[in-house]
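Residue numbers (the numbering used here): 1493 to 1687.
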């Protein structure tokens, strides 16, 4: 992979592709302003403006962005459908580690394995193409679907951040989950044997 080449990652049921332009911010604005989605990701209690979404997306579209920011495109439908975004960020070459974040924003595609496939594809890319050793994420304690999905990929809970987020008048914990290259390889072998 050359530094200037766009990253396209193929999963089993999804393809991860770079957003074409800042217009992608408009789509993400609708997703993050869905109250239930915002709650699941531990987002702010207020509506986010298009300008704030553009401020989030814009730096991710520049060559100077120190990470990988991609749209999740479902490919097992009659025509490809963009359903979310996924990114690797805080990549450190010295430690060979990164943080991952994902949002399946289109609720019509929740619970069907697309997020798991996207996460699996990005982690495979991170370990095989970027030679990373470790990937981590955080997830709200009540997001059971996400916890199961991450565990299927091979992530393990490494810690609990107690009363980490204040949402809707309550404090909630979040979990820190980590995935080492060997954890991922083991999960992939087990998946191959089960399939």
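Every residue, glycine too, gets a C-beta built ideally from N, C-alpha and C.
### Status (buried if at least 16 other CB within 10 Å, exposed otherwise) for residue 1507
buried
### Message
Would residue 1610 and residue 1590 qualify as a contact pair, given that the criterion is a beta-carbon distance under 8 Å?
### Response
no
### Task
Provide the residue(s) that pair with residue 1580 in DSSP beta bridges, ordered along the chain.
1560, 1592
### Query
Leaving out the 5 sequence neighbours to the left and right, which residues in its chain are closer than 7 Å to residue 1678 when beta-carbon positions are compared?
1646
### Query
Which one of 1600, 1655, 1584 has the shortest CA to CA distance from residue 1529?
1600
### Message
Taking contact to mean 3 or more Cβ pairs, one atom from each stretch, closer than 8 Å, check whether the segment 1664-1684 and the segment 1625-1634 are in contact.
### Response
yes
### Message
By the three-class DSSP mapping on this structure, what secondary structure does residue 1521 have?
### Response
helix
### Query
Considering only the beta carbon of each residue, do residue 1613 and residue 1502 sit closer than 8 Å?
yes
### Query
From 1576, 1641, 1540, pick the residue whose C-alpha is nearest to that of residue 1631; which is it?
1641
### Message
Using C-beta distances below 8 Å, list every residue in its chain close to residue 1520, excluding the 5 sequence neighbours before and after it, in chain order.
### Response
1545, 1548, 1549, 1577, 1595, 1597
### Query
So is residue 1666 buried or exposed if we call it buried at 16+ other beta carbons inside 10 Å?
buried
### Query
For the beta strand (DSSP E) that contains residue 1688, what are its first and last residues?
As displayed, the chain neither begins before 1493 nor continues past 1687, which places residue 1688 out of reach and without an answer.
#### Entry: Exposed unless 16 or more other CB atoms sit within 10 angstroms - verdict on residue 1621
exposed
### Task
Within the same chain, show all residues whose beta-carbon is closer than 7 Å to that of residue 1504, passing over the 5 residues directly before and after it, in chain order.
1609
#### Entry: Cβ-based burial, residue 1522 [other Cβ within 10 Å; buried from 16]
exposed
### Query
Using the C-alpha atoms, what's the distance from residue 1605 back to residue 1683?
14 Å
### Task
Have a look at residue 1563 and residue 1653 and give me their C-alpha separation to the nearest angstrom.
29 Å
#### Entry: Where residue 1500 falls, given that 16 or more other Cβ within 10 Å makes a residue buried
exposed
### Task
Indicate the three-state DSSP secondary structure (helix, strand or coil) for residue 1621 in the structure shown.
coil
#### Entry: Extent of the continuous alpha helix (DSSP H) run through residue 1681
1673-1686
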